[in-house]
Each structure stands twice: as C-alpha cells, then as structure tokens.
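Residue numbers (the working numbering): 122 to 326.
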C-alpha cells in the first residue's frame, strides 16, 4: 500500500507522515529529502540547477544555498516551473526505485503530491493543513520573513480548498502535538480497517 501525505508550507506534513509510518510499520520516503540529496554538489540536480540559475545561488563551498534559490523561485512562477521541471523527473525516478525496493507499505511525504499528479500513484492521500494565521506565524518565525513575504509564499502555492478534493483524510495540525496525534491515530485506524478496500471522499478527523 502507498500512502501519500501532503500539505502546504509549514503545515507539519512531515510530522504527520512520520507518525503515520510509525503506527503502520511502513517505510517512510521523504521527497523533500530526496530533492535535497539531488541538489548536493556534483549531483545531476545540482548540475542542471546551476546551469539554469547561474552560480550566484552557490555558497563558498559550491553547494546550492537553498534560501537564495528560494528567494528567486517563490516570487516568480516561471522560474519555479523551471526548478520543478528539473527536479520533479529526478525525484520521480527515485520514488519509483523506492517503490520497487519496498518490502511492504510505504508512506510518501510529498509537498507537491497533488500539483505534480503523484497522487494518482497512491492508494490513500492524507492532507495536512493549518489555519492560515497559524501557517503565517510559523513561516515568519521559521524563515525570518516579514508578514508580506510570508503571505506571498503561502499564496504562491495551490489553495487548500482545491487540494481537499483529492484527499481521503484531512488532518488539522493547527494546535498542539497531542491534538495532531489523536487525529493521526484515527486515520491509522481507518486505514487499517479499509486496507484493500475502496476509499471515499475526504474524511476530516
């Protein structure tokens, strides 16, 4: 079984993915981490990104400075498409390799699961979300952004309401860890009960 966990920036999708994989005893594949590995100096992703965006995004050690790159692509849809066009095929290839090697179920932590159509390869899609005020606060604190900059980053992404249509389960991660864990436990129990069966529309928990 393949379970895709997705959500917008600073929604805590990786926390939910880890919890769910742990409960189910499934392998965990973090596509953000896969992308980071592909962007390391000398890797194929690194070569193509430097070719597309130039050496100004590199630090003294020759590694891509993700904040510099992020500043370029978050506010420019065309540049973002270029970056995604470079990384997505490479990440997809790594994901297929992981699928072929997986001995059991796998939880895929994927920020662009819906946008890139990867949801079609999943048996179950879990959408993690937070209230926008919470998302804004977390992003400002994490990345040291102004409110305006943080809002622009949030609104550059696919709106939550559009993502809901693709989800089997919704997890609200706006509050404390215990609140989130309780919801993840409900999702786990529902998945255990329906493994091998059909899934309906989005089910808030």
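Note that beta-carbon positions come from the ideal geometry of N, C-alpha and C, so glycine has one too.
Completely contained alpha helix (DSSP H) runs for the stretch 253 to 317, where each covers 4 or more residues: 253 to 264, 268 to 276, 281 to 285, 298 to 315
Straight-line Cα distance separating residue 162 from residue 181: The residue labelled residue 181 in the question sits at position 60 within the chain shown. The residue labelled residue 162 in the question sits at position 41 within the chain shown. If you take the alpha carbons of residue 181 and residue 162, they lie about 12 Å apart.
Reference residue 327; option with closest CA among 308, 287, 196: Not covered by the structure: residue 327. The range shown for the chain is 122 to 326.
CB of residue 312 within 8 Å of CB of residue 152, strictly: Within the chain shown, the letter at position 191 stands for residue 312. Within the chain shown, the letter at position 31 stands for residue 152. Going by C-beta atoms, residue 312 is not nearer than 8 Å to residue 152.
Which of helix, strand or coil DSSP assigns to residue 326: What you label residue 326 is simply residue 205 of the chain shown in a count that begins at 1. Reliability of the predicted coordinates at residue 326 is poor, the pLDDT of 47 falling under 50, and the value obtained from them is presented with this limitation in mind. The answer is coil: DSSP assigns residue 326 none of H, G, I, E or B.
Runs of beta strand (DSSP E) wholly within the stretch 144 to 184 (minimum 3 residues, chain order): 148 to 151
As assigned by DSSP and simplified to three states, the class of residue 226: Locating residue 226 in the chain shown gives position 105, counting from the first residue. Coil at residue 226, not helix or strand.
Separation of residue 314 from residue 292, as counted between CA atoms: For the purposes of this step, residue 292 is taken as the residue at position 171 of the chain shown. For the purposes of this step, residue 314 is taken as the residue at position 193 of the chain shown. Each residue's alpha carbon lies about 18 Å from the other.
Residue burial classification, residue 322 (beta-carbon count within 10 angstroms, cutoff 16): Position 201 of the chain shown, counted from the start, is the residue given in the question as residue 322. Low per-residue confidence applies at residue 322: pLDDT is 46, beneath 50, and the placement is therefore not dependable, though the value from the model is reported in the following sentence. Result: exposed.
Rounded C-alpha distance that separates residue 288 from residue 272: Position 167 of the chain shown, counted from the first residue, corresponds to residue 288. Position 151 of the chain shown, counted from the first residue, corresponds to residue 272. Residue 288 and residue 272: Cα-Cα distance of roughly 24 Å.
Beta-carbon gap between residue 130 and residue 274 smaller than 8 Å: As a position in the chain shown, residue 130 is number 9, starting the count at 1. As a position in the chain shown, residue 274 is number 153, starting the count at 1. Yes. Within cutoff.
Inter-residue CB distance, residue 150 and residue 212 (contact presumed, cutoff 8 Å): Looking up residue 150 in the chain shown gives position 29. Looking up residue 212 in the chain shown gives position 91. The Cβ separation is near 10 Å, so there is no contact.
Residue 298 burial status per 10 Å Cβ neighbour count (16 or more: buried): Taking the chain shown and counting its residues from 1, the one referred to as residue 298 is at position 177. Answer is exposed; the Cβ neighbour count stays below 16.
Where residue 185 falls, given that 16 or more other Cβ within 10 Å makes a residue buried: Here residue 185 refers to the residue found at position 64 when the chain shown is read from its first residue. Per the 10 Å Cβ criterion, buried.
Residues that residue 124 bridges to, as DSSP identifies them: Along the chain shown, one-based indexing puts residue 124 at 3. According to DSSP, which records beta bridges pairwise, residue 124 is partnered with 228, 245.
Buried versus exposed, by CB contacts within 10 Å (16 or more), residue 214: Here the question's residue 214 lines up with position 93 in the chain shown. So residue 214 ends up on the exposed side.
Buried versus exposed call for residue 280 [16 or more other C-beta atoms within 10 Å across all chains shown]: Against the chain shown, residue 280 aligns to sequence position 159. Result: exposed.
Same chain, Cβ closer than 6 Å to residue 243, five either side skipped, listed in chain order: By one-based count along the chain shown, residue 243 stands at place 122. Closer than 6 Å at the Cβ level, and outside the excluded window around residue 243, lie 123, 125.
CA-to-CA distance, residue 222 to residue 294, given in whole angstroms: The residue you call residue 294 lines up with position 173 of the chain shown. The residue you call residue 222 lines up with position 101 of the chain shown. Roughly 31 Å separates the two Cα atoms.
Residue 172 versus residue 157: straight-line alpha-carbon distance, rounded: Here residue 172 corresponds to residue number 51 of the chain shown, with the count starting at 1. Here residue 157 corresponds to residue number 36 of the chain shown, with the count starting at 1. The alpha-carbon atoms of residue 172 and residue 157 are separated by roughly 17 Å.
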